[in-house]
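Protein chains in written order, with the numbering used here: chain A, 124 to 260; chain B, 124 to 260. The beta-carbon is built from N, C-alpha and C at its ideal position, and this holds for glycine as well. Just so you know, these numbers come straight off a predicted model, no measurement behind them. For reference, the structure discussed in these notes is given below.
2 protein chains.
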Amino acid sequence: MASNAQHLLKSHQLRLTDMRTKVLDLFLARAEALSQNDLEQQLGKVDRITLYRTLRTFEEQGLIHKAMDGTDKQKYALCQHDCGQGAHHDHHAHFHCDTCGKTICVEDIAAPKIAPPPGFSVSETHLVIRGQCDQCH
Amino acid sequence: MASNAQHLLKSHQLRLTDMRTKVLDLFLARAEALSQNDLEQQLGKVDRITLYRTLRTFEEQGLIHKAMDGTDKQKYALCQHDCGQGAHHDHHAHFHCDTCGKTICVEDIAAPKIAPPPGFSVSETHLVIRGQCDQCH
DNA sequence: AAGCTAAATGAAACATTGTTGCATAAAAAG
DNA sequence: CTTTTTATGCAACAATGTTTCATTTAGCTT
Chain A
124 MASNAQHLLK SHQLRLTDMR TKVLDLFLAR AEALSQNDLE QQLGKVDRIT
174 LYRTLRTFEE QGLIHKAMDG TDKQKYALCQ HDCGQGAHHD HHAHFHCDTC
224 GKTICVEDIA APKIAPPPGF SVSETHLVIR GQCDQCH
Chain B
124 MASNAQHLLK SHQLRLTDMR TKVLDLFLAR AEALSQNDLE QQLGKVDRIT
174 LYRTLRTFEE QGLIHKAMDG TDKQKYALCQ HDCGQGAHHD HHAHFHCDTC
224 GKTICVEDIA APKIAPPPGF SVSETHLVIR GQCDQCH
């Protein structure tokens with residue numbers, strides 16, 4: 124099977140490498156946002172720097188986006204829509220479970236449009252929801 | 124003058140020390156959210172670790188709160204309301220200027236109430252707005 | 001004003017994360 | 001299969017987060 128991951132990479136003008144396929148496969152398999160550390164755990168021993176650069180590249184190419192969740196750790200999640208290079212348009216909220224620590228995208232809930240105060244302009248808004256997920260009820 | 128800072132420390136059951144007074148004075152003087160690095164710059168040579176602990180303590184005691192701004196850097200801002208130990212109730216939005224990098228609290232704009240999906244519960248919501256501030260128009 | 005006691009400080013040390021430069025290896029193109 | 005371009009892996013380093021422990025200090029009690 125010319126995997127889904129390989130297809131995705133190709134369609135984003137990215138070379139097909141081991142690392143990229145593995146990382147993307149992981150994102151596809153899990154519905155949650157993953158930190159670099161999460162990925163290292165899952166992937167076994169991979170080069171930290173290459174992984175770092177892979178994530179940066181994926182983000183630049185619109186494959187994944189940063190998922191702010193109020194923790195200090197950087198997390199990434201798959202873009203659901205067709206985000207192009209540098210042009211992300213994920214406006215959904217992120218839910219962070221304080222119990223299990225998972226962060227998931229909530230497509231149903233959009234970040235509100237804000238009317239900026241005079242003199243201010245708004246480029247994007249982010250909505251983060253914290254609480255408990257259904258698994259941890 | 125038994126400064127405002129000293130008063131605030133006392134009312135939060137905190138001992139009155141040099142570091143704490145200096146740090147709190149800075150927060151009072153500037154209306155923006157400050158990172159630990161910002162503070163070190165402002166304060167001259169102070170002990171990094173003590174500063175780190177001071178911030179942690181302040182946050183635990185409800186003097187300051189973490190100001191999420193979508194950057195990877197942790198920032199803190201003064202609590203406007205009377206937040207007690209461990210009981211923060213700052214529900215305002217944070218505005219981050221992509222040009223000057225400043226982060227400010229926007230008391231006027233509240234994070235929206237979210238109706239959680241079945242099985243989920245919500246403890247808090249955060250709203251982050253990015254764009255350009257009036258200074259950088 | 002002096003002493004006691006709990007708490008805060010400062011130093012060292014270490015973990016984690018973010019980041020760059022460069023030689024080598026691999027992918028895509030011809 | 002060779003060339004060209006890009007990705008990788010390693011070394012090295014910067015920034016940040018965090019703990020342990022001996023010393024100092026704030027605030028209370030004489």
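Contacts with chain A (Cβ-Cβ distance below 8 Å) from the stretch 171-201 of chain B involve Lys189, Met191, Gly193, Asp195, Gln197, listed in chain order. Here B/Lys145 is near B/Leu166, since their CB atoms are less than 8 Å apart. The beta carbons of B/His188 and B/Cys202 sit closer together than 8 Å. Each of A/Ala234, A/Glu182, A/Cys256, A/Thr194 was checked against the Cα of B/Gly242, and the nearest Cα belongs to A/Cys256. Annotation: A/Glu230 has no Cβ neighbours in chain B at a cutoff of 8 Å; minimum Cβ distance is about 11 Å. Listed along chain A are Arg253, each with a C-beta nearer than 7 Å to that of B/Glu247. With fewer than 16 neighbouring CB atoms inside 10 Å of its own CB, A/Cys223 falls in the exposed class.
A distance below 8 Å between beta-carbons, with the five flanking residues on each side excluded, links B/Lys196 to the following residues of its chain, in chain order: Ser158, Asn160.
In the structure shown, A/Ser134 adopts helical secondary structure according to DSSP, grouped into three states. A straight line joining the alpha-carbon of A/Leu151 with that of A/Arg138 spans about 18 Å. If the five residues before and after B/Met142 are omitted, its C-beta is found closer than 6 Å to the C-beta atoms of Thr173, Thr177, all from its own chain and listed in chain order. Leaving aside the five residues that flank A/Leu250 on each side, the residues in its chain whose CB is nearer than 6 Å to its CB run, in chain order, Ala216, Ala234. When the five nearest sequence neighbours on each side are left out, the beta carbons in the same chain lying within less than 8 Å of the beta carbon of A/Glu155 are those of Ala200, Lys225, Thr226, Ile227, in order along the chain.
By the neighbour-count criterion, in which 16 or more other beta carbons inside 10 Å mark a residue as buried, A/Gln184 falls on the buried side. Bridge partners of B/Leu201 according to DSSP: B/Ile187. Closest by C-alpha distance to B/Ile232, out of B/Val245, B/Pro240, B/Asp213, is B/Asp213. Linking B/Asn127 to A/His260 through their CA atoms gives a straight-line distance of about 43 Å. For the stretch 212-257 of chain B, the continuous beta strand (DSSP E) assignments of 3+ residues that do not extend past its boundaries occur at 215-220, 226-233, 244-255, in sequence order.
Taking 8 Å as the cut-off, the Cβ atoms of A/Ile237 and B/Thr248 do not count as close. Here A/Lys168 is exposed. Its C-beta has fewer than 16 other C-beta atoms within 10 Å.
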